[in-house]
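Enquirer:
There are 2 protein chains.
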Amino acid sequence: MEDQKIPQVTAKRLPLYYRYLEKLHAIGKKRVSSAQLSEALQIDPATIRRDFSYLGELGKKGYGYNVNYLLQFLRDFLRQDEVTNVVLVGVGNLGTALLRYNFYRSHNTKIVAGFDNDPAKIGTEVDGIPVLSMDRFKEVAELHNVEVVILTVPASVAQATADQIVEAGIRGILNFTPARLNVPPNVRIHHIDLTTELQTLIYFLKKFPVDEESETAREMDEAHKN
Amino acid sequence: MEDQKIPQVTAKRLPLYYRYLEKLHAIGKKRVSSAQLSEALQIDPATIRRDFSYLGELGKKGYGYNVNYLLQFLRDFLRQDEVTNVVLVGVGNLGTALLRYNFYRSHNTKIVAGFDNDPAKIGTEVDGIPVLSMDRFKEVAELHNVEVVILTVPASVAQATADQIVEAGIRGILNFTPARLNVPPNVRIHHIDLTTELQTLIYFLKKFPVDEESETAREMDEAHKN
DNA sequence: ATGAATTTGTGAAGAAGGTAACAGATTGCG
DNA sequence: CGCAATCTGTTACCTTCTTCACAAATTCAT
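Below, the structure written as structure tokens:
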């Protein structure tokens, strides 16, 4: 394993770079500097250069980065040519919206099925994606080599569902429920907690009401920015 | 401003604590220790104690934390008794799902309206929330004292929409679009980038395939955990 | 060809966050 | 009551991430 040393935060930014480079490539731009990337992505240029430097010496002094080369490099690094199959569990409001979200077109991630326990939903399709009974989870997951689940069930059944999908061999969960899931250490969970995000945003606004004159307020705001 | 020193990460965890304390309160639990909270929320107990210590000396040695007291304290601190009005802009798949999500019941955050430019949607309701034309944005935002927007428009119009809502006096944006918005420094943006989250999760799984025997893999996994 | 302008990669410093470890306070058992 | 068990608050340290600042390489204009 060559690349163990890439910081977590850097790994999270790589898809961002990748996406923007695709855009640059599409409009025919040949070169780009860390300053330009910084402008577009609002990330400090030193941070950008540092991020790339973890992957190798990808730029050239006095020139910047070659868009095609960098794009290709990131494509390989992020394995953007492999399609990853995922499934979604919990076809409620949010689940349905995500089934329609079409991660696939742009990002080589394909939702092959949705799962739910509501008999009214089982057997239907959302945007061409079949909704199946949880009874068939393991079978379907194994058939499609699925290792990642998008979890959008109600909080009350989150843990039980997690147990079931982990038992079926799932290794990654994108958890939209507020529950903190208990899983074996080899299963990776990323949380997206919509309520908390909204609350935290509101918290900062309430605690630090901006007053146009105050330089302090602006600094603080900066310091706390995502 | 007394509480400028609360670390950003702590602020993000406070709603988590609050939510769990509500649960404990509901089942009649009177006291709780940082170890118990740690178990439930999967946050290191020292981190939890440190978080609370920013707010004051809320616990008692040899006893732990009084659930009612702590809950009340956090309620005040997080201003959970004030209702915050927000609006949602972009009533597509995701937007519709979020309108139905009902942040309100549990968290004193009320979506008072959705906005869109599609004539077919304008004038309809989603779960009792009216969908209005963007022409009326400023008027309605001012009427309801709205300072926060949930932004779920297509990426292509994200910046233009942001300009418009900022111009109308909005101070916080929960940005679900992949666009990195350019806004004045007094406007706070929190990003929720669904595609990137999924990609990052997949990246970690691909790069660090778990091999049951390898202690290193497990450590790394731990180190990279969200 | 020359020199000014650009721009990277990185060393060094600093900021932010996490956690081990423990003194001191309190509880609660016997 | 007395003593072991419990549990906080915090000090000290460690890790992770960010950013400044600059030498070195390259480009570009003239």
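Chains A and B, in that order, are what the protein sequence lines are. Residues 2 to 227, numbered by the numbering used here, are exactly what the first sequence covers, in order. Residues 2 to 227, numbered by the numbering used here, are exactly what the second sequence covers, in order. Glycine included, each C-beta is placed from N, C-alpha and C at the ideal position.
Using a Cβ-Cβ distance cut-off of 7 Å, determine whether Pro185 (chain A) contacts chain B.
Expert: no
Enquirer: Can you tell me where the beta strand (DSSP E) holding Thr153 (chain A) begins and where it ends?
Expert: Thr153 (chain A) -> no beta strand (DSSP E), and no H or E assigned at all.
Enquirer: Identify the contact partners of Ala41 (chain A) in chain B, using a Cβ-Cβ distance below 8 Å as the criterion.
Expert: Arg181
Enquirer: Leaving out the 5 sequence neighbours to the left and right, which residues in its chain are closer than 8 Å to Lys111 (chain A) when beta-carbon positions are compared?
Expert: Non-local C-beta neighbours of Lys111 (chain A) in its own chain, meaning closer than 8 Å and more than five positions away in sequence, comprise Val84, Thr85, Asn86, Val87, Phe104 and Tyr105, ordered along the chain.
Enquirer: Excluding the five sequence neighbours on either side, which residues of its own chain have a C-beta within less than 7 Å of the C-beta of Ser215 (chain B), listed in chain order?
Expert: Any reading at Ser215 (chain B) needs caution, since the residue's pLDDT is 42, under 50, leaving its predicted position unreliable; the model's value is listed next. Hits under 7 Å: none found.
Enquirer: Taking Cβ positions only, does Thr11 (chain B) come closer than 7 Å to chain A?
Expert: no
Enquirer: Could you check the C-alpha separation between Glu140 (chain A) and Thr201 (chain B) for me, to the nearest Å?
Expert: 26 Å
Enquirer: With 16 other CB atoms within 10 Å as the buried threshold, where does Lys13 (chain B) fall?
Expert: buried
Enquirer: Given a cut-off of 7 Å on the beta-carbon distance, is the pair Lys30 (chain B) and Val68 (chain B) in contact?
Expert: For the 7 Å CB-CB criterion, Lys30 (chain B) and Val68 (chain B) form a contact.
Enquirer: Using a Cβ-Cβ distance cut-off of 7 Å, determine whether Phe205 (chain A) contacts chain B.
Expert: yes
Enquirer: If we cut at 7 Å on Cβ distances, does Glu198 (chain B) have a partner in chain A?
Expert: yes
Enquirer: Tell whether a beta-carbon distance below 7 Å holds between Ile193 (chain A) and Phe177 (chain A).
Expert: Ile193 (chain A) is a Cβ neighbour of Phe177 (chain A), given a cutoff of 7 Å.
Enquirer: Taking all protein chains shown into account, do 16 or more other C-beta atoms lie within 10 angstroms of the C-beta of Gln81 (chain A), making it buried, or fewer, making it exposed?
Expert: buried
Enquirer: Would Arg153 (chain B) and Gly115 (chain B) be called neighbours here (beta carbons separated by less than 7 Å)?
Expert: Reading off the sequence shown, one finds Thr at residue 153 (chain B), where the question assumed Arg. Against a cut-off of 7 Å, the Cβ pair of Gly115 (chain B) and Thr153 (chain B) comes out as no contact.
Enquirer: Checking contacts by CB at 7 Å: is Arg51 (chain A) closer than that to chain B?
Expert: Judged by the 7 Å Cβ criterion, Arg51 (chain A) is not in contact with chain B.
Enquirer: Is the Cβ of Ala98 (chain B) closer than 7 Å to any Cβ of chain A?
Expert: Yes, contact with chain A.
Enquirer: Of all the options B:Ser39, B:Ile166, B:Leu199 and B:Glu143, which has the alpha carbon lying nearest to the alpha carbon of Asp190 (chain B)?
Expert: Asp is not the amino acid found at residue 190 (chain B); the sequence shown has Ile there. It is B:Ile166 whose Cα lies nearest to the Cα of Ile190 (chain B).
Enquirer: Per DSSP, what kind of secondary structure is Asn86 (chain A) in: helix, strand or coil?
Expert: strand
Enquirer: Excluding five sequence neighbours on each side, which residues of the same chain lie with their C-beta closer than 7 Å to the C-beta of Glu213 (chain A)?
Expert: Summary for Glu213 (chain A): the model assigns pLDDT 41, below 50, so the residue's position carries little reliability, and this model does not support an answer.
Enquirer: Rank B:Arg172, B:Leu15 and B:Glu40 by C-alpha distance to the C-alpha of Leu56 (chain B) and give the top, closest one.
Expert: Of the listed residues, the one whose Cα sits closest to Leu56 (chain B) is B:Leu15.
Enquirer: Going by beta carbon distance, what residues of the same chain come within less than 7 Å of Thr1 (chain B), once the five residues before and after it are set aside?
Expert: Here chain B comprises residues numbered 2 to 227, so residue 1 (chain B) is not present and cannot be evaluated.
Enquirer: Given a limit of 7 Å on CB to CB distance, which residues of the region 67 to 85 of chain A reach chain B?
Expert: Leu79, Arg80 and Thr85
Enquirer: Is there at least one Cβ from chain B nearer than 7 Å to Pro16 (chain A)'s Cβ?
Expert: Answer yes: the Cβ-Cβ gap between Pro16 (chain A) and chain B drops below 7 Å somewhere.
Enquirer: Based on the DSSP output, what are the partners of Gly173 (chain A) in its beta bridges?
Expert: A:Val149 and A:Arg189
Enquirer: Measure the CB-CB distance between Leu100 (chain B) and Asp117 (chain B) and report whether it falls below 7 Å.
Expert: no
Enquirer: Given a cut-off of 7 Å on the beta-carbon distance, is the pair Lys122 (chain B) and Val92 (chain B) in contact?
Expert: Taking 7 Å as the Cβ cut-off, Lys122 (chain B) and Val92 (chain B) qualify as a contacting pair.
Enquirer: In whole angstroms, what is the alpha-carbon distance linking Gly173 (chain B) and Leu71 (chain B)?
Expert: 28 Å
Enquirer: Beta-carbon of Gly173 (chain A) versus every beta-carbon of chain B: anything under 7 Å?
Expert: yes
Enquirer: Would you list the residues sitting across from Arg32 (chain A) in a DSSP beta bridge?
Expert: A:Asn67
Enquirer: So the candidates are A:Ala41, A:Ile171 and A:Leu195; which of them puts its Cα closest to the Cα of Leu89 (chain A)?
Expert: A:Ile171
Enquirer: Between Leu202 (chain B) and chain A, is the shortest Cβ-Cβ distance under 7 Å, so that the two count as touching?
Expert: So, interface residue.
Enquirer: Contact defined as beta carbons within less than 8 Å: I believe Asn187 (chain A) pairs with Gln160 (chain A). What is the distance between those atoms, to the nearest angstrom?
Expert: The pair is not a contact, with the Cβ atoms about 18 Å apart (cut-off 8 Å).
Enquirer: Thinking Gly65 (chain B) and Ser39 (chain B) are a contact (beta carbons under 8 Å), I'd like their distance in whole angstroms, please.
Expert: Contact flag wrong, Cβ pair sits at about 12 Å.
Enquirer: Return the first residue and the last residue of the alpha helix (DSSP H) that Gly115 (chain B) is part of.
Expert: Where Gly115 (chain B) is concerned, there is no enclosing alpha helix (DSSP H), although the beta strand (DSSP E) it sits in stretches over Thr110 to Asp117.
Enquirer: Closest Cβ-Cβ distance between Leu26 (chain A) and chain B: below 7 Å?
Expert: Per the sequence presented here, residue 26 (chain A) reads as His, with Leu not at that position. No, its Cβ sits nowhere closer than 7 Å to a Cβ of chain B.
Enquirer: Do you know how far the Cα of Ala142 (chain A) is from the Cα of Asp136 (chain A)?
Expert: Their Cα atoms are separated by approximately 11 Å.
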